[in-house]
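Protein chains in written order, with the UniProt record's numbering: chain A, 1 to 431; chain B, 1 to 431.
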């Protein structure tokens with residue numbers, strides 16, 4: 001079992017253009033190591049970096065108190081922070097789009113307290129302390145603070161969708177926004193992280209309506225950041241669920257190859273790393289070895305940590321996965337694919353994997369998705385089918401491609417292709 | 001929000017042969033890195049390393065089929081594996097004790113299918129496919145396999161306790177067994193890991209009796225390794241919950257000091273690392289920075305991964321925590337303790353921390369706990385109050401001590417004291 005590191009410099013960081021995406025462009029590790037670890041999509045939430053002290057007027061308890069006053073119609077509190085509300089429908093955040101220097105650029109559809117109240121007035125959803133979920137706070141300078149809230153408006157029906165559509169807002173799949181996000185644009189990267197955090201929290205609320213111990217109804221506490229069973233005999237406190245997943249690039253050191261696999265649900269030609277959920281009673285390193293063996297029959301020796309990424313775009317019953325990325329060194333090379341889990345798994349040479357990275361035109365996919373969001377918000381297209389975005393067909397088709405830089409798999413694979421992995425591993429062997 | 005760890009007053013004590021613990025003894029990293037990472041308590045479960053293929057006779061589906069036949073009285077199946085059952089009561093596994101070379105040595109209280117059936121005959125607990133939980137399988141050589149099951153017998157009442165007591169078995173707190181475990185004894189370490197895995201699964205079953213989505217009753221599937229809502233309109237599949245916790249040794253590189261903290265529930269004189277649960281929407285590295293800031297006001301820069309450990313000895317509502325250990329390098333040094341979370345936090349010199357490690361007599365604590373298990377199993381002592389074990393008073397009292405090597409905190413702190421940490425960090429800085 002081995003260990004290693006990650007180097008995110010102090011949090012607030014966002015990322016970095018695809019054209020600037022260092023893994024894809026610069027082979028120098030010195031550059032990579034810095035930018036690289038700053039780059040995980042959904043990390044770097046600018047309003048979640050710090051939980052404010054409970055005495056701050058923008059902290060969860062203080063904001064909840066202000067919210068209660070607002071709901072009672074007492075709108076003129078001293079030191080009252082500004083409230084912004086992000087609605088979600090079926091796990092999709094409200095988004096808008098603007099064109100900046102001729103390129104569309106999505107943004108989250110924040111509503112003011114009053115606007116949100118007006119939109120929901122004749123719907124099934126109440127704007128109340130039982131529906132609003134505290135997302136965080138941010139300074140607007142000069143001592144002015146904004147408190148951000150999320151709300152699930154799925155029950156509000158299609159009327160609301162039309163009404164918001166009139167304002168050129170649209171509920172957009174988070175995966176579409178993920179692909180559409182311009183990595184050069186720090187603000188967009190921050191908004192993607194906020195949307196991911198909000199989706200996780202709101203889907204968790206849906207998944208934890210009832211107490212697992214007694215079946216009682218759970219109620220919101222701590223401004224929606226926690227829940228509690230309303231049954232007086234139980235009163236169990238419920239915390240948001242975060243499901244750790246190990247994801248590993250299995251490496252055949254001797255023959256300079258990496259193991260890539262396909263699941264049947266992948267789009268055509270896409271190959272990626274192995275991954276799997278933790279079981280209770282095992283370490284991360286044990287999970288890497290167990291999953292690799294179960295899915296491919298390969299024995300893994302040394303396991304080297306790479307980095308971690310929140311992953312809020314899984315199924316709604318798993319609202320927040322935590323991807324923990326590793327390099328795993330194979331001790332045996334024969335592949336015995338578990339066909340219940342994988343469609344295929346193969347060793348690939350460094351050269352082939354490099355091609356798969358180079359040919360995949362992530363930037364083009366980003367523009368396509370961004371254009372789609374723009375059209376949706378303008379009411380041109382309401383349906384969403386993203387699989388076409390992946391089929392970036394510019395002339396010759398590459399035999400395979402790997403997930404874009406929004407996925408930790410891309411970072412693991414790029415690090416191997418560019419020699420970062422071997423530097424990491426040899427540092428440890430020398431110790 | 002604050003976080004747990006091992007060391008509550010009520011909790012058990014500490015362990016292990018100080019003289020044999022490689023971090024404390026050998027300064028060569030080459031030795032350390034191997035022994036050290038093998039040594040996390042609760043990892044290395046010998047029957048959980050691999051999930052057998054579903055076609056194997058000792059796999060969960062095959063074993064479940066055999067179990068159903070056994071319950072119907074068809075005991076003579078071809079290729080039928082041997083079944084061993086471990087009962088738990090209020091989260092405590094059944095244990096026995098033997099004396100080997102004059103030292104007591106605990107072991108898990110595995111019962112045969114027939115014995116367990118006999119013990120439970122007149123109780124409130126049925127031995128059935130709805131109460132038995134598959135724990136794993138192991139080879140006994142010559143093609144003979146054993147399948148291990150866990151069962152919660154809390155509802156069976158005190159009669160069962162007396163009956164088992166007559167056989168010199170006793171339900172012992174897992175924390176007591178953790179401290180009592182002899183780290184030289186691979187079999188005991190393996191049994192501790194099995195007990196931890198079993199406790200996590202059984203407590204999760206208690207915590208997930210009802211579906212969070214609809215309040216319906218959940219039923220066991222996959223031989224108790226998963227659950228599913230019995231409501232035909234819902235049918236949500238439920239996976240065991242694993243709650244990731246970051247634990248970090250914050251280091252002041254310039255002044256060669258480390259930050260240790262105390263929670264009010266710690267036993268006197270004990271200091272440890274900071275720790276905290278993940279929130280949805282953040283990476284592990286972000287959680288390290290957020291928690292450190294929230295609890296102490298210290299800004300953290302670089303974050304370096306160390307290792308991970310399953311931690312099944314928290315409260316029953318959090319049946320499986322996953323401790324993920326990091327070194328965190330301070331960018332600011334002023335401490336502003338959050339008194340809601342911590343009693344105190346202070347910078348300590350390497351020399352002082354070294355003393356705290358040396359003086360704590362983990363081996364003595366291990367012997368004391370082991371002797372206590374022995375007495376309990378012989379019926380000498382039924383109650384458990386382990387707090388006295390902490391006050392290992394051999395002459396002069398040390399000003400402080402740190403948790404024993406069963407806790408990842410000890411490994412983080414030892415690695416820093418012995419210079420392993422600086423080697424890790426500098427390797428990465430050179431990249």
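In this text, a Cβ means the ideal position worked out from N, Cα and C, and glycines have one as well. A quick note: this is a predicted structure, and the numbers were derived from the prediction, not measured.
Shortest Cα-Cα distance from residue 114(B) to any of 297(B), 269(B) and 72(B) involves 72(B).
Within the same chain, and ignoring the five residues on either side of residue 64(A) in sequence, the residues whose Cβ sits closer than 6 Å to its Cβ are 223.
Taking 9 Å as the cut-off between beta carbons, the residues of the region 41-70 of chain A near chain B are 42, 43, 44, 45, 48, 49, 50, 51, 53 and 54, in sequence order. Rounded to the nearest angstrom, the gap between the Cα atoms of residue 147(B) and residue 206(B) is 22 Å. With respect to chain B, the C-beta atom of residue 178(A) has no partner C-beta closer than 8 Å. Residue environment analysis places residue 414(A) among the buried positions, since at least 16 neighbouring C-beta atoms fall within 10 angstroms of its C-beta. For residue 275(B), DSSP records a beta bridge to 247(B). Inter-residue distance for residue 276(B) and residue 292(B) is about 9 Å (C-alpha atoms, whole angstroms).
Across the region 288-321 of chain B, CB contacts with chain A closer than 9 Å involve 289, 290, 293, 294, 299, 300, 301, 302, 303, 304, 305, 306, 307, 308, 309, 310, 312, 317, 318, 319 and 320, in sequence order along the chain. Straight through space, the alpha carbons of residue 307(B) and residue 85(A) are spaced by roughly 39 Å. When DSSP states are grouped into helix, strand and coil, residue 136(A) belongs to the strand group.
Straight-line measurement puts the Cα of residue 288(A) at about 15 Å from the Cα of residue 242(B).
Taken residue by residue, none of the region 128-162 of chain B has a beta-carbon sitting less than 8 Å from a beta-carbon on chain A. Chain order gives the chain A residues near residue 212(B) as 207, 208, 209, 210 and 212, where near means a beta carbon separation below 7 Å.
Residue 271(B) and residue 40(B) have their C-alpha atoms some 20 Å from each other. By the C-beta density criterion, residue 62(A) is buried, having at least 16 other C-beta atoms within 10 angstroms. In the DSSP assignment, residue 179(B) falls outside any beta strand (DSSP E) and within the unbroken alpha helix (DSSP H) covering 174-180. Residue burial is scored here from C-beta neighbours: residue 268(A) has fewer than 16 other C-beta atoms within 10 angstroms and is therefore classed as exposed. Here residue 214(B) carries a coil assignment [DSSP, helix/strand/coil]. Inter-residue distance for residue 198(A) and residue 418(B) is about 43 Å (C-alpha atoms, whole angstroms). The Cβ of residue 278(A) sits closer than 8 Å to at least one Cβ of chain B. Taking a beta-carbon distance threshold of 8 Å, residue 224(B) does not count as an interface residue toward chain A.
Residues of the region 233-247 of chain A with a Cβ closer than 9 Å to any Cβ of chain B, in chain order: 236, 237, 238, 239, 240, 241, 242, 243 and 244. Per DSSP, residue 58(A) lies in no alpha helix (DSSP H) segment and is marked neither H nor E. With contacts defined by Cβ atoms closer than 8 Å, residue 297(A) and residue 335(A) form a contacting pair. The Cβ neighbour count for residue 363(B), taken over all protein chains shown within 10 Å, is at least 16; the residue is labelled buried.
Approximately 6 Å separates the beta-carbon atoms of residue 168(B) and residue 378(B); this is inside 8 Å, confirming the contact. Counted as a single uninterrupted DSSP element, the alpha helix (DSSP H) harbouring residue 115(A) occupies residues 113-120.
Counting C-beta pairs closer than 8 Å gives three or more between the region 133-140 of chain B and the region 40-51 of chain B, which meets the contact rule.
Excluding the 5 residues flanking it on each side, residue 52(B) has same chain C-beta neighbours closer than 7 Å at 58, 59 and 137, in chain order.
Boundaries of the alpha helix (DSSP H) harbouring residue 201(A): 186-207, taken from the DSSP string. Under the Cβ criterion of 8 Å, residue 215(A) is counted among the residues facing chain B. At a cut-off of 8 Å between beta carbons, residue 200(A) contacts chain B. When the alpha-carbon of residue 249(A) is set against those of 318(A), 328(A) and 155(A), the nearest one is in 328(A). Shown here for residue 125(A): same chain residues with a beta carbon closer than 6 Å to its own, the five before and five after excluded, namely 153, 155 and 156 in chain order. Minimum Cα-Cα distance from residue 91(B) among the listed residues 351(B), 407(B) and 317(B) corresponds to 317(B).
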